[in-house]
Structure formats: C-alpha cells, structure tokens
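Here the protein sequences come in this chain order: A and B.
Using the working numbering, the first residue of the first sequence is number 244, and each one after it goes up by one.
Using the working numbering, the first residue of the second sequence is number 244, and each one after it goes up by one.
Even for Gly, the Cβ is constructed at its ideal location relative to N, Cα and C.
Quick caveat: nothing in here was measured; it's all calculated off a predicted structure.
A short write-up of the structure that comes next.
2 protein chains.
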Amino acid sequence: MTATTSLLTDHYELTMISAALSDGTADRQCVFEVFARRLPTGRRYGVVAGTTRLIEMIKDFRFDPDEIAFLRRTNVVDEPTAAWLSAYRFTGDIDGYAEGELFFPGSPILTVAGTFAECVVLETLILSVLNHDCAIAAAATRMVTAARGRSVIEMGSRRTHEEAATAAARAAYLAGFTATSNLAAGLRYGVPTAGTSAHAFTLLHDDEPTAFASQVKALGTGTTLLVDTYDISQGIRNAIQAAGTELRAVRIDSGDLSVLAQQSRELLDSLGATETKIVVSGDLDEYAIAALAAEPVDIYGAGTSVVTGSGAPTAGLVYKLVEVEGRPVVKRSENKRTVGGRKTAVRRHKPTGTATEEIVVSQGVPDHLPNDRLLQHSYVANGEFLDVPSLADAREHLRQCLISIPWEGLKLSAGDPAIPVVMVSAA
Amino acid sequence: MTATTSLLTDHYELTMISAALSDGTADRQCVFEVFARRLPTGRRYGVVAGTTRLIEMIKDFRFDPDEIAFLRRTNVVDEPTAAWLSAYRFTGDIDGYAEGELFFPGSPILTVAGTFAECVVLETLILSVLNHDCAIAAAATRMVTAARGRSVIEMGSRRTHEEAATAAARAAYLAGFTATSNLAAGLRYGVPTAGTSAHAFTLLHDDEPTAFASQVKALGTGTTLLVDTYDISQGIRNAIQAAGTELRAVRIDSGDLSVLAQQSRELLDSLGATETKIVVSGDLDEYAIAALAAEPVDIYGAGTSVVTGSGAPTAGLVYKLVEVEGRPVVKRSENKRTVGGRKTAVRRHKPTGTATEEIVVSQGVPDHLPNDRLLQHSYVANGEFLDVPSLADAREHLRQCLISIPWEGLKLSAGDPAIPVVMVSAA
C-alpha cells in the first residue's frame, strides 16, 4: 500500500496532462461532472455514498518523491510534468449532492471545476470511490427497506477486497445497517461493530456445551450463541442451558431459515427464553430478507450480497468534461441524454413532501418553486476544504429522502427510476 | 487507511480469541483450510491469485498501539487479549497452491497450521484477499482465452474500489493481460502500464486535429489516438494526418465494434497506415471479446467486467477449521463434500500431460503415480517466511496449467469443472 493515493490513477490521466502542459491547454478552466447514464437494470434509485471519504482523499492528494521517481523511470511523464505533479494541490471548486441523497440517471452528483490538469488527474480516484460506495449503498438500502425496521448487520468483509470491505461497511451503515463485523470501519468511521463467534469456536472445543459455557463466561449472557454447528434444536437447548433465559440471541447460519426461525422461536419460548432474539445469516440478499418478513426473525446478517452490490457491483458513474472556458462541450457520438455545460439541480416536491421530479438546468438556474430543494452543496471552494456532514447526518438524510420518494420507488421489483430527471438547457 | 492490516478483520475473530484465551483452548494446535465448495455457476475452473500479496500482509500482521487502544475503548477485547494481540507474530506453517494454479471445488488452496488463536485471527484477511483476487483472475483468464493471442489491457480501475483496482490489475496481469491502466500496480507489482488519452483531451482542444497534433507532439507517433469523440471516419483521417502512417494505434470506445473495426481497418489501409493497430474498448467481457475474433482488432481494453469478476465478483472461498490437536473436525450440518482433517493434494495427468483429476487425501498422502504433480508448496515454515515465486512465474505457471487441462475446460459456455476432485479419507 502506498502512503498516498495519487497513483490510484489511470496512466492516461498523466499523459494527457503531459500533452496539455506542453501545448498550453492544461490551464484552461474546465468543469467536470459525475453522473450515471442509467441505473443498474431495474433499480429505482441510486444512493450517493463515498463523497466524504473521497473529499478527504482529494485533500491529501499528493505525489511523493518515490512515486515521481517511478513515473520518470518508466517514462510515464516528462520532466515538466513531474515538476507539476510534485507541486500538486487542488485549488478549484467541488460541489455535489450530500451523502445519503438519492440520484437518478443524469443527476450531477459531483461537479469539479478548476484547470483541466488539476481536475483530470482526480478522475480515476473520484470514480473508483463513488462507483464502489454508491453501488454498496444502493444494495444496502434495498436490504434495509426489505427488513422493515428489523436490524441488519453487515458481515461481508471476507467476500470482497480487504480495503473495499471497510468502505462497504461504511456505505452499509450509511444505508441504515445497524452494525458491521469490520473492525477497521469501527476505528476509521465510528461504525458500531458486532460479532461473537463462528463454527470454528464450537469445533475447537470438546463439545458444544463446553464451547457455549466458555463463550458465556468470557462474553456474558449478552452474547449471541451460534447454534447450527451440529443439531439446531439441541444447540438451542445447550445455549439456554449455558446462558439461561437471559441469553441475548441465538444465530442460525444455514438451512431453510424460514422454517428454522419458526421452530427456534417456539423452542426458545417453550424454554422460557421469550426475550432471546433470533439472528439469521447465510446468503441473504434483499429478496431473501423480504421473504422472511413474516417469520420471527429479529436480526439479519448480510454478507456477500451487500459487499458485491447484490448483482450491481459498480454504480456506472462517469466523469465527463462538460465545460471549457465557459463553453459547453459534449462528445458527439453519445446518446441524446448527454447535455454539455455546468448543471444546477433541484428536486421538486408536492406540498405533501413527496418528490415529483428532478430539474437539472445546464448553464443556468432552475425556476424556484415552493418545496424545491437545492441538491448541490459546496465541498471545496477555491481550494479550501469545507467542513463535511457526519456519517450520522448522511444516514439520517437518506432516511428522510426515502420517505420523500413516491412509494413505488421503494419496491424491490424491477422498475423505472422513482422520479424523472428533466434536463433543461438554458443556453 | 490504517498503517497495519490487522483491523481488516471481523469483530468475532477477536471475541473468539478472548474466550479461547480465558478457557485455555487458544493454544490448541489447529489446521484451517481454504477451499471453494463450488465454482461460480457454469465456470469450469478457478485460478489461484493473491497468495503472494497475502503472505506479505501476514508477515506484517501486527496490532499497533492505536488499534489496541480502540479495541480496549470499545470493549471488543479484554486486557489479556489486548496483551496477546500486541505481541502477535504468526509462528505456524502456511502451505498452499502456487499462484496461477487452477483449482476446483474442494481443492485445498491454502492450509494454515498453528495455534487456534494465531490462525483464526487471520481468517478475514485471508478470505478477503483470496476471494477478491481469485475472482478477478478467473474472469481475466477467460478473457485472455477468448482473445486468442491478441493483447488485452486492463482498464477498469474506475469501476471498483480504489485499492481493489490495484489488486485487480495485478490479478489480470497474472491471468495474461499485457498491461494495466493502473499506475499503482506498476509501482507496487511491476505490472506494465499503458494509456494515452480520453475524450476529455479532445474536447479540451478547439478541434480534433489540434488535439491529435498536440498528443503526437508530446507522446510521439508511438501513441494511440482516440478517434470516436466526433465522427470516427473523420477521426481516423485526422489521426493519420497528425501522425502519419507511422501511428501506432487508433482506439474506438463506442458503437458497434464489429462493424467499426472492419471499416476502420479498411480506411487505415486505404490511407497507407497498414501497420497502425486497432484498439477497441467499451463494456467488453469474455463473450464480447470472443464475438470479435473474426474482426481486424489488435488489442482489447477490458474494464468493468474484469474488475467485477464478470458476473462472479467473489470466489466463494471459505476458511474452515479441519483439525484440532490432530483430530479431524467437521460441522455436522454441512453437505457431504466436506471432509475433516488436513488434506494433501496432487493433480493426476495422462502421459501426454493432460490433467485427468485431482486427488485430495485427508490425513494421509496420495499414492504417487507417474505424471502426478504435488500442488502444495510451503510459504511459511515455523513462522519463517520463505521466498515466493515472482508474478512473472505465476503468469507462466497459469499458462502451462491452461495447456494441461482437457480442452473442454477452456470453453466459455457453462459447464462442469474441467476435472473432478476425488476426495479420499485415509482415516
């Protein structure tokens, strides 16, 4: 792992800077925008996540001497470009949607303005962070919706890249998950962490009662005992034997969770453990969670599906040059949705608070109607990095946004974006 | 980003250690194995990748004082466990398949032996690294196979988490890709990097001829000009106008690549640029690459599909306790494929060199037949970290392995594993 993040960058960003420095265009004032041309198939909304994490990385975006030496040695850049990179500081403006905001095809979720060179060098990092975190947050939000107020714990670290795991835990918490298994997410982002034991702990011991007794002795009756290493019914009896009816929870990680949850609830109740909760895990996605709605489940553990975006592992966001020296630009071969020029976005609402549409105006400002909400906020102004909302703020913001969209937008089934984006060119 | 990798770990690994330290089982000698119960649906082989990267991380696996303070402050561990973690050094044995080796359901690709505590604390990191890198390598290998000797360049950094991008670039190179766009992969792993320019560079300039002239001036005629910002035919004319017939390559990033490759070849040839190569990119996966086999394409650029595992973003590897103090252990509720006990694996071949099956023996050694190949090598012996093969070695090893499997195994279509794994219990 390098100390800086500057080489988490595509080679061509630097060759472009090299050419632009030598022909004098590197200093042209540009505007780049991040948006999705479409949502993953059937998804009704996207969720903005990762922006705060990204802004911190941009603040520290530097090329250290080892990295410069590598770029020179391999001839990726020439000497003037190396000097320019060595002195790099972002001095422009960054505006964007808040973390936790919903987005739709065409929503300009991040706008980066400055010289061509200082903006283009950030492209790869910006897209890596946002494409990953937004993908996880969208999948996680669907799971939270499917859980209908029950807790969901993120436990997918082992199913994704080790650093992606930590970002995924953050994005899932933003989406409303109650905790993560990932300790680094606890240290770095203050996400509550949770976990008690795996099957290996039971197998390590001579028998299940010994393992449970040990766990309760070490962690107290406020722990969760994993009861499916051998026979689940016997496991539950052993659990209550070890911890008494004060046991906080049992976890079931395999089998037909629907049937097992019911049987376990009946057995726990019959043993007097009426307050002991049932945690289920094992390949749960939003559909499996929804299918358990009628069962006596208290807590869901989600792993693979959340960290891989439940079928949509990347958010499809692009970073496009839309303005050069005040002139709107657009690639001709693109489809008609793409509009050049810097955009301003508002979300329009009924008086009841229900969102109706998003108005995105190129090179102008939307008419202001009552109940409109401006969607863009300043993160960086003239190179000054402003205070950012907390992760808790982002989590609450998303909760409010979900309340505001038309109810169809929360359906798990495939459908159109919950609200349309109306693109207006003021020019 | 923390300096160490120790908190890239699930909470429950540490609570298990806490309980095991207090009941005296933490020091029991254990064997854990990494294997896949199944391959992603329809896949015919898995590819081992990430092991070298992992072993380096295990070598440096330490809990620093800030991390220990966090674990105490949040009550994740008690004081004796904190002391144990502070002193952590892996002192056991790690054996495994070589990077670039193929694997199948049940192949014991990594074996970790030592005390329960020292082995279990590595679980999350081991699985994160291997599940990610093996997933990317398998998808990338299919793309290389589909490309039939043509070059494939990895350019997906922006579609995955920023650190995952670097690991993905490494895994794709191992799989036979010729280069990556990711600069950090160049610095960290010596992967060749490549890249020239994006549409933004053309849009930055007053017109396409000016942009091309600038790029050629800065980067020489050995560069690749991106010709699809406006009209592709005019783009190709402008490219040859700017660089002459010495131009190394043109890139097309949109549209019907099959038709466009043919038209572009004809046009280049008619302009005398018969040696100018054609690079195509834009949502290419192994099937799209295969579909272009008959077209005059020289180089493929693959992005999203490779970094997201082309539909299988995680390899499904698990880390299971199989032996405690020499006694095989197994979770009763698992399916019949799971066998307890430490495994030894060989791959059996015909005299012609074609692999026929993999023999995996629990608590014993396979009969040695001529043409058998032992699959496990020592990475760590009694806490001593041994030299590991280079990335170039791994790349060549995979190439040889692909030659050795039955030809059906290389088909892109859905099918069974290329060879069966025969599980034998010697006990």
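Pick out whichever of the options has its Cα sitting closest to the Cα of residue i.
i, options, result
"A:A558", "B:F333, B:R281 and B:G399", "B:G399"
"A:C273", "A:A657, A:V573 and A:D636", "A:V573"
"B:A262", "B:T252, B:D321, B:Q505 and B:L612", "B:D321"
"A:A624", "A:M300, A:T354, A:A312 and A:D309", "A:T354"
"A:G596", "A:P609, A:N614 and A:S605", "A:N614"
"A:R413", "A:Y432, A:T403 and A:S553", "A:Y432"
"A:R385", "A:R642, A:A330 and A:V540", "A:R642"
"B:T466", "B:R296, B:D309, B:R494 and B:R508", "B:R494"
"B:L469", "B:A461, B:P323 and B:G438", "B:G438"
"B:R480", "B:A461, B:G463, B:A657 and B:R508", "B:R508"
"B:R280", "B:R585, B:L560, B:I646 and B:R575", "B:L560"
"B:L510", "B:E566, B:A492, B:S524 and B:S476", "B:S476"
"B:D541", "B:R391, B:A330 and B:L282", "B:R391"
"A:T324", "A:L264, A:S350 and A:L490", "A:L264"
"A:V363", "A:D307, A:A461 and A:F333", "A:F333"
"A:S524", "A:L447, A:R271, A:D496 and A:T268", "A:D496"
"A:D449", "B:P571, B:A330 and B:S329", "B:P571"
Do the CB positions of residue i and residue j come within less than 9 angstroms of each other?
i, j, result
"B:A485", "B:V459", "yes"
"B:A422", "B:E406", "no"
"B:A292", "B:E342", "yes"
"A:I298", "A:A389", "no"
"A:G339", "A:Y622", "yes"
"B:Y562", "B:E361", "no"
"B:I337", "B:F278", "no"
"B:A443", "A:M259", "yes"
"A:A454", "A:S440", "yes"
"A:P348", "A:G552", "no"
"A:T294", "A:F359", "no"
"A:L314", "B:L564", "no"
"A:R271", "B:D474", "no"
My assumption, with CB atoms under 8 angstroms, is that residue i sits in contact with residue j. Please give the rounded CB distance.
i, j, result
"B:C377", "B:G289", "6 angstroms"
"B:K654", "B:R287", "7 angstroms"
"B:V434", "B:Y416", "4 angstroms"
"B:N374", "A:R401", "6 angstroms"
"B:A408", "B:V549", "In fact, because the Cβ distance is near 11 angstroms, the residues do not count as touching under 8 angstroms."
"B:A669", "B:G607", "3 angstroms"
"A:A410", "B:H404", "6 angstroms"
"A:P609", "A:V589", "5 angstroms"
"A:G335", "A:G626", "7 angstroms"
Which same chain residues, not among the five before or five after residue i, have their C-beta less than 8 angstroms away from its C-beta?
i, result
"B:T436", "A422, T423, S424, N425, L426, A428 and G429"
"A:T488", "L514, G515, A516, T517, E518 and T519"
"B:M300", "T248, L368 and V372"
"A:D253", "E366 and T367"
"A:K593", "T599 and N614"
"A:L370", "V277, L560, V561 and Y562"
In chain order, what residues of the same chain lie with their CB nearer than 6 angstroms to the CB of residue i, ignoring the 5 residues before and after it?
i, result
"A:L527", "Y543 and A545"
"B:I648", "A598 and A661"
"A:V665", "E600 and I602"
"A:D659", "none"
"B:A534", "none"
"B:P663", "E600"
"A:T581", "V573"
"A:F628", "K302"
"B:A657", "G285"
"B:T472", "H442 and T445"
Which same chain residues end up closer than 7 angstroms to residue i when comparing Cβ atoms and leaving out the 5 residues on each side of it in sequence?
i, result
"A:E681", "Outside the shown range of chain A (244 to 670) lies residue 681 of chain A, about which nothing can therefore be said."
"A:E538", "S501, A504 and Q505"
"A:W650", "none"
"A:T547", "G399, R402 and D526"
"A:V387", "V395, A418, G419 and F420"
Taking 8 angstroms as the cut-off, is the CB of residue i close to at least one heavy atom of the ligand ADP?
i, result
"A:I379", "With respect to small molecules bound, the structure shown includes none, and the ligand ADP cannot be examined in it."
Beta strand (DSSP E) runs wholly inside the stretch 566-649 of chain A, at least 3 long, in chain order
Counting only runs of 3 or more, we get 586-592, 598-605 and 620-624.
What are the start and end residues of each continuous beta strand (DSSP E) run of 3 or more residues lying completely inside the stretch 479-557 of chain A, in chain order?
Qualifying beta strand (DSSP E) stretches, in chain order: 492-495, 520-523 and 542-545.
Continuous beta strand (DSSP E) assignments of at least 3 residues falling wholly in the stretch 290-372 of chain A:
The stretch 290-372 of chain A contains these whole beta strand (DSSP E) runs: 336-339 and 353-358.
Runs of 4 residues minimum, wholly inside the stretch 399-470 of chain B: which ones carry the alpha helix (DSSP H) assignment?
For the stretch 399-470 of chain B, whole alpha helix (DSSP H) runs of length 4 or above, ordered along the chain, are 405-417, 426-432, 442-447 and 451-462.
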